Every structure is written in C-alpha cells, then in structure tokens.
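**Q** As you go down the protein sequences, you meet chains C and G in turn. Our numbering puts the first residue of the first sequence at 17, with every later residue one more than the last. Our numbering puts the first residue of the second sequence at 17, with every later residue one more than the last. Next up is a structure, given as structure tokens.
Protein chains: 2
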Amino acid sequence: MKLLEERIRQEGLILSDTVLKVDSFLNHQVDTELALEIGREFGRKFAGEPITKVLTIEASGIQFAMATGIALGVPFVYAKKKKAVTLAEEVYSAPVHSFTRQETYQVSVSRKYIGPGDKVLIVDDFLATGAALVGLVQIVKEAGAELVGVGCVIEKTFQEGRGLLEQLGVRIHSLARIRAMSPGEIHFED
Amino acid sequence: MKLLEERIRQEGLILSDTVLKVDSFLNHQVDTELALEIGREFGRKFAGEPITKVLTIEASGIQFAMATGIALGVPFVYAKKKKAVTLAEEVYSAPVHSFTRQETYQVSVSRKYIGPGDKVLIVDDFLATGAALVGLVQIVKEAGAELVGVGCVIEKTFQEGRGLLEQLGVRIHSLARIRAMSPGEIHFED
C-alpha cells in the first residue's frame, strides 16, 4: 500500500534496527481517513470470503478492526489483555509473551462473541514476533470458528512472526512490509 | 438517542445497581454501524464548533473517538494508561483512580499531539464517577488547548461524574442517560 509506505517514510520514527514508532498517525494519534483506507484495503484483499467477524486485540488494533468492520459491514471483537487470570466469565484465552515488556499476559475473548459458525479475519497494527497474533489464532481455533486470514498494517519481515503464522497454515496479508531499517533508513519489500 | 436506549434495554446486562455490561455491542464486540451512528450524533451535537481533535482513553473509548473523528473529518488521539510513571518521552499526564480496580494509574498524551492551537472534543464510553474524564480534562488544560466539550455514550446520572465535570465548567452531552437501574430494570432520564 504505497500511501502507507509514504507516510511511514515521512513520519515514522526509527529508534533502532527493530523499533519503529508510528504514533503520529497510526497508534496514538490516528489519521481517521488513512485508517478507513486501511480497512478498505483489507476488505479488498479478503473479498470473496464470507467474513462474519473481525478480531483484534486492545488497544492499538481497535481502529483498524473498526475500519475493516466498516468496510466489510460486520462487527468486530477486541480481545482483552489481563495480567491476572480472573476468568469471571466464560472466555477463550491464550498466553502471550511481550518481548518489549518482558512479561506474559493473558488475552481473552468471551465465548459469546466467537463460535463455530463464524468466519474470522484477524487484524492488527504490527506483525513482528507474532506473539499476540499466534494467541488470537489459538483463540479462533479453540472457538471452533474458521480463520479466514490475518491482516497486518505493518510487517517487519526480518522478524519471526510470519514464519510462526505460516507454520499454523495462516494466510497473511500485510500492507507495508519492512525488510530492514535503521535510524534514518528504511527498506520495504518489493 | 432512542436507538441506543433500545439496544441497552435489549442487550445490556445489569449486574447490580451500578454495573451495566454492554459488551455484546459497544465495548468487547462492537456493532460498527451503531458506533458510526454514535459518532455522527456527537458530530451533530457539537456542530458549529471548529473541533480540530477528538481525545479519548484506551481501550474502550477508541471506537467512539474513531467514529466521531470520521464524522468531523479530524484525527483522534487516545491517551495511554500506565501503572508506572516512566515518562520516556514528553507527555502530559494526570492520575486517575479506578474505583472498580481500586488502583491509581497514570493517563498520558504526547505533547506532540495536543497543543495551544487545538479545539478538543473528549469522547468516552461511560460517564459514571468521572475519574478518567476529569484526567483528560486536566490534560487538555495543561496542553493549553481549548476544550469544546465531553461526549459520553452512556451516563449514569446517579453517580458523581457530571457534577465533577460541571464544576470544571465543562459542557457535557450524553447519548443515553440512566437515572436508575437494578437487575431486570432500567430507567432513562427523559
């Protein structure tokens, strides 16, 4: 998605070989027009699939799941992050290890909102280590729903996330794929 | 907003005199069409004000800030919640006490995304104790921006939030105002 790559070049802050900040337009301040266009692009890429629900994880996936839900005319569900495993209600859950925070948290989705009849598209802002996305894939499988695929706004192709998801047989579509980066320099995959 | 009141009557789960769960359509699973209509309603209510930014707090305010940003054609910003006060970057911040979790956390917004030239509309899902919203109002004032008002999806008028905000001179507009509730029963303000 050329428009997105251009914005990343213009506004992305590359702090190290692995850390890219895009909080001026994607995940702290959000350009609503760009978010809607991202949703439409996911809608086009997964057109033809009878998707019933979009699934993401709080907080920074919400704006893209919302945009994708708008494009597809379906509701979205956001998994909640909890440190404690206080399952007060019936939920599907999976552990996710955060490498940036060096802690493991639990992601959970109420059993009421995903089930065997659903065809689910997972959407998130970043695909890097893949930890959060693998957790969401586990939840979709546990729910007995069909996973249509995973849509990521930005992928760091030099990290292991795609490999982990492909091992699980997941179809992935990323809108901006970064091959390598360092402060002042960024290279996208062709 | 009649449409919203109807959905609350049909799908809201009243767990006690103070706890209402709306996670089947507002803040876990999200009805994207309803969220968009909520955004349009805030847009209409604050029409005529030259709003430059919508501000909310992660996570459950994001879908409504997004919808309002779409309606107004402006970006939105979501404040981040942190337990630790690790201000790695320049932020405006305010302490917020959570009565449900019995803990105080810090909400913060980067100084880059709100400033003296901004006219800010704050949007959130609930107005009850008002704790989080008062924190956001403090951040807008600290930033030297102009606060246009606060838009809340659901207000519990029997709690102290509105009073606290009105003491600060804030204009409030809520879409569904609950006067009283108990399991099996809910009364909206006229």
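Yeah, the Cβ is synthetic: ideal placement off N, Cα and C, and Gly gets one too. None of the values given here were measured: they were computed from a predicted structure.
1. Tell me where the alpha helix (DSSP H) around Arg25(C) begins and ends.
2. Looking at C-alpha atoms only, which residue of Ala159(G), Val90(G), Ile73(G) and Lys37(G) is the closest neighbour of Lys97(G)?
3. Whose Cβ in chain G lies nearer than 8 Å to the Cβ of Gly85(C)?
4. Measure the alpha-carbon distance for Arg127(G) versus Ala161(G) and round it to whole angstroms.
5. Would you check if there are 3 or more beta carbon pairs closer than 8 Å linking the stretch 142-155 of chain G to the stretch 110-124 of chain G?
6. In whole angstroms, what separates the C-alpha of Tyr129(G) from that of Gln175(G)?
7. Got a sec: is the Cβ-Cβ distance from Pro91(C) to anything in chain G below 8 Å?
8. Suppose the cutoff is 8 Å on Cβ atoms and the five residues either side in sequence are ignored; what does the same chain contact list for Ile86(C) look like?
9. How about Val169(C) and Leu42(C): do their beta carbons lie closer than 8 Å?
10. Considering only their Cβ atoms, is the gap separating Val150(G) from Leu191(G) smaller than 8 Å?
11. In chain G, which residues lie with their C-beta within 7 Å of the C-beta of Val78(C)?
12. Could you spell out the range, first to last residue, of the alpha helix (DSSP H) harbouring Arg127(C)?
13. Check distances from the C-beta atoms of the stretch 51-76 of chain C to those of chain G and list, in chain order, the residues that come in under 9 Å.
14. Under the three-state reduction of DSSP, which class applies to Leu50(G): helix, strand or coil?
15. Determine the chain G residues that contact Ser126(C) at a beta-carbon separation under 9 Å, and present them in chain order.
16. Okay, do the stretch 66-83 of chain G and the stretch 135-142 of chain G touch, 3+ Cβ pairs below 8 Å being the bar?
17. Note down, in chain order, each residue of its chain lying with its Cβ closer than 8 Å to the Cβ of His203(C), except the 5 sequence neighbours on either side.
18. Any beta carbon from chain C within less than 8 Å of Tyr129(G)'s own beta carbon?
19. Which residue spans inside the stretch 114-168 of chain C form an unbroken beta strand (DSSP E) run of at least 3?
20. Please determine, among Ala63(C), Leu50(C) and Ile30(C), the residue with the shortest C-alpha to C-alpha distance to Lys18(C).
21. Would Tyr108(C) pass as an interface residue toward chain G - the criterion being a Cβ-Cβ separation below 8 Å?
**A** On the basis of the supplied data:
1. Locating residue 25(C) in the first sequence gives position 9, where the first residue counts as 1. It spans Lys18 to Glu27 - the alpha helix (DSSP H) in which Arg25(C) sits, taken as one unbroken run.
2. Here residue 97(G) is taken as the residue at index 81 of the second sequence, counted from 1. Closest by C-alpha distance to Lys97(G), out of Ala159(G), Val90(G), Ile73(G) and Lys37(G), is Ile73(G).
3. Here residue 85(C) refers to the residue found at position 69 of the first sequence. Result: Val46 and Thr48.
4. If you number the second sequence from 1, residue 127(G) lands on position 111. If you number the second sequence from 1, residue 161(G) lands on position 145. Taking the straight line from one Cα to the other gives about 11 Å.
5. Counting Cβ pairs under 8 Å, three or more are found: they touch.
6. Reading the second sequence from its first residue, position 113 is the one you call residue 129(G). Reading the second sequence from its first residue, position 159 is the one you call residue 175(G). Rounded to whole angstroms, the gap between the alpha carbons of Tyr129(G) and Gln175(G) is 31 Å.
7. Reading the first sequence from its first residue, position 75 is the one you call residue 91(C). Yes, Pro91(C) lies at the interface with chain G (some Cβ there is under 8 Å from its Cβ).
8. In the first sequence, counting from the first residue as 1, residue 86(C) sits at position 70. Cβ-Cβ distances below 8 Å link Ile86(C) to Leu52 and Gly55 in the same chain, with the five nearest sequence neighbours on each side left out; the list follows chain order.
9. By 1-based counting over the first sequence, the position of residue 169(C) is 153. By 1-based counting over the first sequence, the position of residue 42(C) is 26. Using a Cβ distance threshold of 8 Å, Val169(C) and Leu42(C) count as a contacting pair.
10. Numbered from 1 along the second sequence, position 175 holds the residue referred to as residue 191(G). Numbered from 1 along the second sequence, position 134 holds the residue referred to as residue 150(G). No, these two residues do not count as a Cβ contact at 8 Å.
11. In the first sequence, residue 78(C) corresponds to position 62, counting from 1. First, the residue type needs correcting, since residue 78(C) is Ile and not Val in the sequence shown. Within chain G, the residues near Ile78(C) are Ala75, Ile78 and Gln79.
12. The residue given as residue 127(C) occupies position 111 in the first sequence. That residue, Arg127(C), is in no alpha helix (DSSP H); it is neither H nor E in DSSP.
13. Answer set for the stretch 51-76 of chain C: Ala51, Leu52, Lys69, Val70, Glu74, Ala75 and Ser76.
14. Sequence index remark: in the second sequence, residue 50(G) carries index 34 (1-based). Under the three-state reduction of DSSP output, Leu50(G) falls in the helix class.
15. Along the first sequence, one-based indexing puts residue 126(C) at 110. Neighbours of Ser126(C) on chain G, chain order: Asp39, Ser40, His44 and Gln45.
16. The stretch 66-83 of chain G vs the stretch 135-142 of chain G: in contact.
17. Sequence index remark: in the first sequence, residue 203(C) carries index 187 (1-based). Same-chain partners within the cutoff: Ile194, Arg195, Ala196 and Met197.
18. To locate residue 129(G), count along the second sequence from 1; it is residue 113. Interface residue, yes.
19. Qualifying beta strand (DSSP E) stretches, in chain order: 119-126 and 135-143.
20. Stepping through the first sequence from its first residue, residue 18(C) is reached at position 2. Comparing alpha-carbon positions, the option among Ala63(C), Leu50(C) and Ile30(C) lying closest to Lys18(C) turns out to be Leu50(C).
21. By one-based count along the first sequence, residue 108(C) stands at place 92. Taking 8 Å as the CB threshold, Tyr108(C) stays off the interface with chain G.
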